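Inspection log for the structure reproduced underneath, given as structure tokens.
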Amino acid sequence: MFDWLKPHDVLWLIPAAPLLACLWVVVVGHVVRRQYAHRPVILAIAFSAVLSYYLLLKVVPENFGTPVAHDEHAQEHKSSDHEHADHKEGDHKDHDQKVAVAKAKPSTAISVNVFGETERDGKVTPVPWIRIGDPQGVPTLLVLPTLRADAMTALMLVMVTTVSLLVAIFASSYMKGDPGYPRFFAAISAFVFSMCMLVLAGNFVLMFVFWEAVGLCSYLLIGFWFKKPSAAAAAKKAFVVNRIGDLGFILGIFMVWQTFDGSIDFDTIFGDPSVIARVVTMQPEILTTICVLLFIGAVGKSAQFPLHVWLPDAMEGPTPVSALIHAATMVTAGVYLVARCTPFFVHAPTAQLIVSGIGATTALIAAITALTQYDLKRVLAYSTVSQLGYMFMALGAAAAGKEFATLAVTFAMFHMFTHAFFKAVLFLSAGSVMHSMGDVIDMRRFSGLRKALPITHITFLAGALALAGFPLLSGFWSKDEILAIIFEATKHPKHGEFFKVILGVALLTSLMTAFYTFRAYFMTFWGPEKFPEEAGHHPHDAPPAMAIPLLLLGIAALVVGGATGPTHLYGNYLAQTPGLPAAHHHEPNVPMMIISSVLAIAGISLAYLCYVASPGISRNMKSGMSWMHTCSQEGLKLDAIYLRWIVKPLRLVAQISEFIDRWVIDVIVDCVGFLPGLFGAALRPIHNGFVQSYAMVMLIGLVVCLVTALRVLAGM
Amino acid sequence: MTSSELESQLVIGAVLFALGMIGFLTRRNLILIVLSTELMLHGVSVNLTAFGRYHGNPQGQVFTIFVLTIAACEAGLALSLILTLYQRRKSLDVYLWGNLGEDDLPVFTGGGTAQQTKPLDPNADLPHLTPAGRAPATPATKT
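Residue numbers (my numbering), protein chains in the order written: chain A, 1 to 716; chain B, 1001 to 1143.
This is how it looks when you write it as structure tokens:
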């Protein structure tokens, strides 16, 4: 069916469709047929989704090499051009691998340049976006708009486009009647475009551009109801906190540029292991610095401690936005970045320890906070932060040894994959609850909804079970493998103690995760039937446009993990990414599975006990340990600390600046502006309308000129 | 011609010019201002003629003829303008024409009163005799 489509055309078509949809909605859809603005967007995202599946299943596997790296028998197609400053359209094949480091797989990535000029001999020269330096020779900085796809990219694209499609379909029903309907879909479309481009970017600078772009779209969508002051403030907070992380990211890019001789392309840096090997032999510490800086960017984007404060406030946006951006796609950009830079992290164990440590801290803080939240969406937001902490814990576990790097990346990205589905279904179910309850999301105001909202109930339950890590569901497989890899890391001679602490934190957090998830579930769906006044007489369940995505995502939440995890489908596919070292074969760790199942069931039972069987317990506990309760509720006071120590001083500085600007600088400028007026007022009485005074002035002037002339003549 | 003779002739010219200048700058009557202008021109002419005689050159007198011609033309123009101005305000006072000054400055009155209009005739409502030489407007002639 797709024979006429050249493989590399798929790469630019995937982001082009949402971009065109966005432009269409902005230009035309804003005025014409406003209530149908969702159609071009959903069509475009569906198109991208289909192409992503094609990319995953046909295009990228064509470039896979043999899984066992025997160099002599591996495919040894030399590429037809060896100049590294030139990118041709088409496939690159790796050079013959004779490198001592790791037996790299001869699998490759496809790249395409977005704009290219074809010369006469059929060679395509890419049109550079940025080209600084020597115009004739090798430039100092050359940034080409290259799109690059390998196994990791394909998996991320499938996840992004599938979840985006289902969320967009949900949102077309959820947001119906909103006056900003076209603007919503334009922003969603722009977001999908930016996220696809971020994942497809072929070099660091292009990735950073779209990193910022997803931040921008997140700002637009969180502040969608901008007339509400809390939403506008939340959008601003999200953007500013993200920006702090971006500072680290861009410093990391500068260091990469500096270390790798002015190159920032993924193909150049990650494609050939000898490039990194050279840096390791010369100055290994620089890789640690680069890794830490890039990780700071990931901390900002993926809401890790200390930059996690924006994500709970981001729940001010519409619920489909929360599902799309803050559960499944944007926050995973940080994980993608760290995973993409695995060849750096492999040589920087200190950085990996930092990654793990921050991931663990975040997971714990978020889990503690989620225990006492009353807003259903906030529980889910903190849960997202916690699960992202899990992903980073896994990524950092590769400090145990180079042979674990691929496994760590695989498990982290697998958890990201399953998390996207079950978190999206949880958020969309919460949206359905909100929709039925008349936009009330405070769990204290409703309960017992399982009879009134059956579909929502089932899908929420599916998502909650997956999140809690109930045995044999998606979350179980991914979370268990993370626990297994951390357990492997505890056996490391040097860092073993550190990872024992991390493992403890991970286990405790998984218990708390199960507890708070089911606390939310029981508080919402069990207990006496109680509806708030805004719900009207009869809360109705989700209409079909909302129910079908819910059901599809619910099914995915249940089975995707089991289907792709233990069968090693996901792992084997991801291991084909060029740049990842050879995978170590890994048996499932059965004791760890049993422990995590026990913890999950224990958490669920505790929640049942506290909230269904004997509801008085939670009230008694709350009054007994009120300080812990308030501490937990306010996010361990972190928001308050930031407010007092960072935000208020900066506001003071801003007020001082405003004072100086208005009362010092403006006064000076006004004085300068006042001077010509003064000057004029001094001279104005000459013009009194009286002819004879004019004549007198002319006479005086004439006398002065004559005297001067005579003096000059006499002086001659 | 000696320079002392020249000197005394130049003094005469200077005196005429100075008087004319002072008159121009201080007089209130429009016609007298024009008169003073003419006086300045005459002073200049005397100067020209004196230098002409001193250098033994008729150029001075030739130029004086130019000046006098111009003076005549200019006097004609000035008097016609004065006539127009008089038709507006029925007065020859130059202080009446100070409206082109800046708005926030007071109009210069110079400490005297400006006669804007002629005083009203107290006998306007009494019957008047027709001036001599004209036929009176009797009902007999108005048929």
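Glycine included, every Cβ here is placed at the ideal spot set by N, Cα and C.
This one's a predicted model, so the numbers in the text were calculated from it and none came from an experiment.
Close-in-space but distant-in-sequence residues of the same chain around A/L552 (CB under 7 Å, 5 per side omitted): In the first sequence, residue 552 of chain A corresponds to position 552, counting from 1. Closer than 7 Å at Cβ, skipping near neighbours: L166.
Amino acids of chain A, ordered along the chain, whose beta-carbon sits closer than 8 Å to that of B/N1099: Numbered from 1 along the second sequence, position 99 holds the residue referred to as residue 1099 of chain B. Those are G689, listed as they occur along chain A.
Rounded straight-line distance, which links the Cα of B/L1092 to that of B/D1121: The residue given as residue 1121 of chain B occupies position 121 in the second sequence. The residue given as residue 1092 of chain B occupies position 92 in the second sequence. C-alpha separation (whole angstroms): 20 Å.
Chain B contact residues for A/A695, given Cβ-Cβ distances below 7 Å: Reading the first sequence from its first residue, position 695 is the one you call residue 695 of chain A. Those are F1024, L1025, listed as they occur along chain B.
Proximity of A/K301 and A/M255 at Cβ, strictly below 8 Å: What you label residue 301 of chain A is simply residue 301 of the first sequence in a count that begins at 1. What you label residue 255 of chain A is simply residue 255 of the first sequence in a count that begins at 1. No, they are not a contact pair.
For A/T490 and A/T456, the rounded distance between their alpha carbons: As a first step, residue 456 of chain A must be located in the first sequence, where it is residue number 456. As a first step, residue 490 of chain A must be located in the first sequence, where it is residue number 490. Distance between the alpha carbons of A/T456 and A/T490 is about 41 Å.
Where B/Y1095 falls, given that 16 or more other Cβ within 10 Å makes a residue buried: Counting from 1 along the second sequence, the entry for residue 1095 of chain B is found at position 95. It counts as buried.
Residues near A/A484 by beta carbon distance below 6 Å, same chain, minus five either side: The count along the first sequence starts at 1 and reaches residue 484 of chain A at position 484. Once the five neighbours on either side are set aside, the close Cβ partners of A/A484 are N589, M592.
Within-8 Å CB hit, B/T1102 to chain A: In the second sequence, the residue the question calls residue 1102 of chain B occupies position 102. Checking the sequence shown, residue 1102 of chain B turns out to be Glu, not Thr. Yes - at least one Cβ of chain A is within 8 Å of the one on B/E1102.
Contacting residues, own chain, Cβ-Cβ under 7 Å from A/M156 (five flanking each side not counted): Indexing the first sequence from 1 puts residue 156 of chain A at position 156. Same-chain partners within the cutoff: V199, Y336.
Interfacial residues, the region 1067 to 1096 of chain B to chain A, with Cβ spacing under 7 Å: V1094
Start and end residues, alpha helix (DSSP H) containing A/P229: In the first sequence, counting from the first residue as 1, residue 229 of chain A sits at position 229. Annotation for A/P229: the continuous alpha helix (DSSP H) segment containing it runs 229 to 259.
Contiguous alpha helix (DSSP H) assignments of at least 4 residues, all confined to the region 484 to 565 of chain A: Look at the region 484 to 565 of chain A and you find these whole runs of alpha helix (DSSP H), each 4 residues long or longer: 496 to 525, 544 to 564.
Contact set between A/P685 and chain B, taken where Cβ atoms lie within less than 8 Å: The residue labelled residue 685 of chain A in the question sits at position 685 within the first sequence. Going along chain B in sequence order, the residues near A/P685 (Cβ under 8 Å) are E1102, L1105.
Environment of A/S189 [buried if 16+ CB atoms lie within 10 Å]: One-based indexing of the first sequence puts residue 189 of chain A at position 189. Its Cβ being crowded by 16 or more others within 10 Å, A/S189 is buried.
Three or more C-beta pairs below 8 Å linking the region 21 to 37 of chain A and the region 145 to 159 of chain A: no
Distance between A/D178 and A/S436 (C-alpha atoms, nearest Å): Position 436 of the first sequence, counted from the start, is the residue given in the question as residue 436 of chain A. Position 178 of the first sequence, counted from the start, is the residue given in the question as residue 178 of chain A. Taking the straight line joining both Cα atoms gives about 16 Å.
Own chain, CB closer than 6 Å to A/V409, minus 5 neighbours either side, in chain order: Within the first sequence, numbered from 1, the residue matching residue 409 of chain A stands at position 409. Once the five neighbours on either side are set aside, the close Cβ partners of A/V409 are A339, T342.
Chain B within 8 Å of A/Q692, Cβ atoms only: The count along the first sequence starts at 1 and reaches residue 692 of chain A at position 692. Closer than 8 Å to some Cβ of chain B, the Cβ of A/Q692 qualifies, so yes.
Distance between beta carbons of A/P320 and A/Y174, contact taken as under 8 Å: Here residue 174 of chain A corresponds to residue number 174 of the first sequence, with the count starting at 1. Here residue 320 of chain A corresponds to residue number 320 of the first sequence, with the count starting at 1. With a Cβ gap of about 6 Å, A/Y174 and A/P320 count as contacting.
8 Å contact criterion, which B/L1032 and B/G1023 should meet: CB distance rounded: Counting from 1 along the second sequence, the entry for residue 1032 of chain B is found at position 32. Counting from 1 along the second sequence, the entry for residue 1023 of chain B is found at position 23. With 8 Å as the limit, B/L1032 and B/G1023 qualify as a contact, their Cβ atoms being about 7 Å apart.
Residue of A/R183, A/F208, A/P182, A/N203 minimising C-alpha distance to A/S194: Position 194 of the first sequence, counting from 1, holds the residue named residue 194 of chain A. Residue A/F208 is the option with its Cα nearest to A/S194.
Closest residue to A/F411 among A/F305, A/E529, A/K423, A/A398 (Cα-Cα distance): For the purposes of this step, residue 411 of chain A is taken as the residue at position 411 of the first sequence. Among A/F305, A/E529, A/K423, A/A398, the Cα nearest to that of A/F411 is on A/A398.
DSSP state of A/S263 mapped onto helix, strand, coil: As a working note, residue 263 of chain A is residue 263 in the first sequence. Reduced to three states, the DSSP call for A/S263 is coil.
Enclosing alpha helix (DSSP H) for A/R378 [first to last residue]: Numbered from 1 along the first sequence, position 378 holds the residue referred to as residue 378 of chain A. Unbroken alpha helix (DSSP H) run through A/R378: 376 to 396.
Alpha carbon of A/P454 to alpha carbon of A/Y611, nearest angstrom: Position 454 of the first sequence holds residue 454 of chain A. Position 611 of the first sequence holds residue 611 of chain A. In a straight line, the C-alpha of A/P454 is about 20 Å away from that of A/Y611.
Cβ-based burial, A/H540 [other Cβ within 10 Å; buried from 16]: Translated into the one-based positions of the first sequence, residue 540 of chain A becomes position 540. So A/H540 ends up on the exposed side.
Inter-stretch contact at 8 Å, needing at least 3 Cβ pairs: the region 519 to 535 of chain A / the region 436 to 450 of chain A: Contact between the region 519 to 535 of chain A and the region 436 to 450 of chain A is present: 3 or more CB-CB pairs across the two stretches fall below 8 Å.
Collapsed DSSP secondary structure at A/T140 in the structure displayed: What you label residue 140 of chain A is simply residue 140 of the first sequence in a count that begins at 1. In this structure, A/T140 counts as strand in the three-state DSSP scheme.
Where the beta strand (DSSP E) through A/R148 begins and ends: What you label residue 148 of chain A is simply residue 148 of the first sequence in a count that begins at 1. Unbroken beta strand (DSSP E) run through A/R148: 146 to 149.
Spatially closest choice to A/V59 from A/Y573, A/W627, A/V598, A/S614, by CA coordinates: Position 59 of the first sequence holds residue 59 of chain A. Of the listed residues, the one whose Cα sits closest to A/V59 is A/Y573.
Cβ separation of A/A370 and A/S383, assumed to be a contact under 8 Å, to the nearest whole Å: Stepping through the first sequence from its first residue, residue 370 of chain A is reached at position 370. Stepping through the first sequence from its first residue, residue 383 of chain A is reached at position 383. Between A/A370 and A/S383 the beta-carbon gap is near 6 Å, inside 8 Å, which marks them as a contact.
Buried/exposed call for A/A613, threshold 16 Cβ in 10 Å: Here residue 613 of chain A refers to the residue found at position 613 when the first sequence is read from its first residue. Result: exposed.
Assigned exposure category for A/C764 - 16 Cβ within 10 Å defines buried: Chain A is shown from 1 up to 716; residue 764 of chain A falls before or after that span and cannot be answered.
Among A/S356, A/I169, A/L144, nearest to A/M391 - alpha-carbon criterion: Your numbering for residue 391 of chain A matches position 391 in the first sequence. It is A/S356 whose Cα lies nearest to the Cα of A/M391.
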